[in-house]
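One structure below.
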Amino acid sequence: MSGAIATSAVAAGRVLQRSAVRCSRPQFLRLRAQNPARSFSLSSRVLEKKYTEDHEWVDFTPGDKIATIGISEYAAKALGDVVFVELPSIDLEVTKGESIGAVESVKSASDILTPISGTVTEINNVLEDKPAAINNSPEADGWFAKITINDPAELEELMDEGAYKKFTEEASE
Amino acid sequence: MSALRANARAVRSIERTLATGRYNQRAFATALPRIQSSQRLSRPVFTTSNGQAVTIRPVQRRMKSSNAEPAPPFFTEAEPGKTALYDLHLQHGGKMVPFGGFSMPVQYSDLSVGESHHWTREKASIFDVGHMVQYHIEGPGAEDFLESITPSGVRDLAPGQSTLSALLLPQTGGISDDCIITRLEAGPKPLFYLVTNAGCRDKDYAYLSQAIASFDGASNPEANIRHVEADGQPYGLIALQGPLAAEILEANLAKDCKVDFKTWYFGNAKTITLALPSGESLPVVASRGGYTGEDGFELSIHPSQTVEVTGHLLTSAGKDKLRLAGLGARDSLRLEAGMCLYGHDLNDTTTPVEAALAWIIPKSRRADAKFPGAEKILAQLKPVSKGGEGVSRRRVGLVIEGAPAREGVEIVDAEGNVIGTVTSGCPSPSLKKNIAMGYVKDGLHKAGTELGVKIRGKTRKATVTKMPFLPAKYVKPQTEP
Chain A
206 MSGAIATSAV
216 AAGRVLQRSA
226 VRCSRPQFLR
236 LRAQNPARSF
246 SLSSRVLEKK
256 YTEDHEWVDF
266 TPGDKIATIG
276 ISEYAAKALG
286 DVVFVELPSI
296 DLEVTKGESI
306 GAVESVKSAS
316 DILTPISGTV
326 TEINNVLEDK
336 PAAINNSPEA
346 DGWFAKITIN
356 DPAELEELMD
366 EGAYKKFTEE
376 ASE
Chain B
7 MSALRANARA
17 VRSIERTLAT
27 GRYNQRAFAT
37 ALPRIQSSQR
47 LSRPVFTTSN
57 GQAVTIRPVQ
67 RRMKSSNAEP
77 APPFFTEAEP
87 GKTALYDLHL
97 QHGGKMVPFG
107 GFSMPVQYSD
117 LSVGESHHWT
127 REKASIFDVG
137 HMVQYHIEGP
147 GAEDFLESIT
157 PSGVRDLAPG
167 QSTLSALLLP
177 QTGGISDDCI
187 ITRLEAGPKP
197 LFYLVTNAGC
207 RDKDYAYLSQ
217 AIASFDGASN
227 PEANIRHVEA
237 DGQPYGLIAL
247 QGPLAAEILE
257 ANLAKDCKVD
267 FKTWYFGNAK
277 TITLALPSGE
287 SLPVVASRGG
297 YTGEDGFELS
307 IHPSQTVEVT
317 GHLLTSAGKD
327 KLRLAGLGAR
337 DSLRLEAGMC
347 LYGHDLNDTT
357 TPVEAALAWI
367 IPKSRRADAK
377 FPGAEKILAQ
387 LKPVSKGGEG
397 VSRRRVGLVI
407 EGAPAREGVE
417 IVDAEGNVIG
427 TVTSGCPSPS
437 LKKNIAMGYV
447 KDGLHKAGTE
457 LGVKIRGKTR
467 KATVTKMPFL
477 PAKYVKPQTE
487 P
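Protein sequences appear in the order of chains A and B.
With our numbering applied, the first sequence closes on residue 378, and no number is skipped along the way.
With our numbering applied, the second sequence closes on residue 487, and no number is skipped along the way.
So, in structure tokens, the structure goes:
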């Protein structure tokens, strides 16, 4: 058993390393989801995912400068069918907590507050034509924007997956 | 915890009702030609005597009494009201939100808001509207009283006929609440059925108490107002809406209740008798109409039977035809139908003329000019060009490109000057366009006028559009060619 785990971890590691170079981010995230086994040697390459109290997520590889942001599965579910997404413009300089766009469903409009400060370098144009991608895959294909971050230390104030899960459970009570 | 207590109370109330055989079919045979004997015997909440809130016992006469009726329960966000269907909502995965002082379902777990919207337009949905306030107004002075507070032609309503109306404020002619008035009975002691908004419960109570006190002071004929209730519980109110509504209701009629649905037109109420699963039959007041633009009915149901009737309609029609729908779908449906939501599209400061609701004031009432704020409203009805006062703003429909405009969004003209505000707006699930209503400066209200709305700093194109956005599907008499 332990051998099998080690093998799959190594395989996953190879896939992940390759994917980091060749895959699109959504593909990368799918691959990562398929290969949850992580070995020690990989830990420094693994993305760190953090969440805000406003239900945005930010994915960031330590050492990199670019982070990906989006809205959480919990938020997407609470919003209902997303029918319109307002994206920020590229090169926009943003400050943590500032509204940089919006997600609208039939019943409500929600601002997207950026979890980190920096400069918008890429936006997910797919959402303009297919806003439903936010419902289908809020934490992968439905990503919102990529931001070149100013200060990685800002991420430390955010919740990790476990803390966020607890936070949403408390909010639902 | 309080839910459990309320439930126990409801159970006891049902037991009492069953024990007294209130819904024994035979017992109702005599009551059928009339409205609902149990409704008529419910306690009046207040009456005309000296402006005091007074209880009148089933003996139908005005009495001076120190037995003051306490005001009806007013709910707060911390202690929200619950309708008879509260537990049913939870059983169906209702996501409860505060609305009009009540805890009401915004949607259910089986359908998203958009899906529920389409379901209602294609099949049928039941909405719990039991949070709304139902009154009976009766007595020889009922017509005069209603005409003293609204601009409607109450006198001219035929039995069963209903009209959209408004409780108006003196002098300003502002809309204190919008409401539906239905005549249930004609004759020397007419009976009317009034339904008002849950969110206006407190202020309507104050308004009506004050109005009936001053009405009495003018030595008018007697009029009494009472909540439509039994055993201290309000009657349930559900809206069955959608193209399959008539078919579903017809399938649930008691054997001896014959109704021609082809000639039962929009805006008319009937007392019908429903077959209950227990084999008993139950008379309910059913009004053909609703708040979706679809064909449908609003059913006023005895409090002990509201859960049973709703559950039975759902089960007998089945999941392929009928679902529960919440406030989310209700809002997008009514907006497509161009209907106002009080507290958003209407408030104390808007007059019927500004709100594009002048059609609720018939010629006869314009002639008598005896409703609150008549002077102001009649002056507004006459444009400035004809020596009148006109209005400075008007309610219009808007179709917006790009982002949906929500309540509070500024409306601007071509030069970017703010000329109005959006009061309701959403992406329309049926039209796949962003629709909204709001108030714009008079003169910019004509259909086709191109304006802008400022959403998150960006100005989006907004075109003034006739309402309803989606044609209504009411059953109406065929007009002769």
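Ideal Cβ placement from N, Cα and C applies to all residues, glycine included.
Count the other CB atoms within 10 Å of the CB of residue i; is the residue buried (16 or more) or exposed (fewer)?
i: T321(B); result: exposed
i: T319(A); result: buried
i: A84(B); result: exposed
i: K382(B); result: buried
i: P435(B); result: buried
i: L288(B); result: buried
i: P194(B); result: exposed
i: D262(B); result: exposed
i: T542(B); result: With chain B represented from 7 up to 487, any question about residue 542(B) goes unanswered, as that position is not in the structure.
i: S284(B); result: exposed
i: P389(B); result: exposed
i: D337(B); result: buried
i: I295(A); result: exposed
i: D134(B); result: buried
i: A35(B); result: Model confidence at A35(B) stands at a pLDDT of 30, short of 50, so the residue's coordinates are unreliable; what they give is reported in the following sentence. Classification for A35(B): exposed.
I need the DSSP call for residue i, collapsed to helix, strand or coil.
i: P289(B); result: strand
i: D286(A); result: coil
i: C206(B); result: helix
i: V265(B); result: coil
i: Y480(B); result: coil
i: N341(A); result: helix
i: K88(B); result: coil
i: G299(B); result: coil
i: W365(B); result: helix
i: K452(B); result: coil
i: D134(B); result: strand
i: S168(B); result: strand
i: Y279(A); result: helix
i: P111(B); result: strand
i: D222(B); result: helix
Could you give the first and the last residue of the continuous beta strand (DSSP E) run that contains residue i?
i: Q140(B); result: V139 to E144
i: T471(B); result: K464 to T471
i: D162(B); result: Per DSSP, D162(B) belongs to no beta strand (DSSP E) and is neither H nor E.
i: F349(A); result: Unbroken run through F349(A): none, as it is neither H nor E.
i: D326(B); result: Taken as a continuous stretch (DSSP letters only), D326(B) belongs to no beta strand (DSSP E), as it is neither H nor E.
i: A272(A); result: I271 to I276
i: V424(B); result: V424 to S434
i: E191(B); result: I181 to E191
i: A176(A); result: This structure gives no information on residue 176(A), because the portion of chain A shown stretches from 206 to 378.
i: K447(B); result: K439 to K447
i: K276(B); result: A275 to A281
i: A505(B); result: Nothing about residue 505(B) can be read from this structure; chain B reaches only from 7 to 487.
With residue i and residue j assumed to form a contact (beta carbons below 8 Å), what rounded beta-carbon distance in angstroms separates them?
i: Y241(B); j: P309(B); result: 6 Å
i: D210(B); j: V139(B); result: 7 Å
i: V418(B); j: I425(B); result: 6 Å
i: A350(A); j: P293(A); result: 6 Å
i: R340(B); j: Y297(B); result: 5 Å
i: E342(B); j: L437(B); result: 7 Å
Is the beta carbon of residue i less than 9 Å from the beta carbon of residue j?
i: I143(B); j: F198(B); result: yes
i: P474(B); j: G344(B); result: yes
i: V290(A); j: I339(A); result: yes
i: G403(B); j: A361(B); result: no
i: D116(B); j: H95(B); result: no
i: I321(A); j: K270(A); result: no
i: V119(B); j: V287(A); result: no
i: A275(B); j: S293(B); result: yes
Starting from residue i, follow the alpha helix (DSSP H) in both directions and report where the run begins and ends.
i: H123(B); result: V119 to E128
i: T312(B); result: T312 to A323
i: D374(B); result: K369 to D374
i: R336(B); result: L333 to E342
i: F372(A); result: E366 to S377
i: L96(B); result: Y92 to Q97
i: S154(B); result: A148 to I155
i: K392(B); result: From DSSP, K392(B) is part of no alpha helix (DSSP H); its letter is neither H nor E.
i: V331(A); result: V331 to D334
i: E327(A); result: That residue, E327(A), is in no alpha helix (DSSP H); its beta strand (DSSP E) goes G323 to I328.
i: A257(B); result: A251 to A257
Please list the partners that residue i has in chain E, where partner means a Cβ-to-Cβ separation under 8 Å.
i: H123(B); result: No chain E appears in this structure, whose protein chains are A and B.
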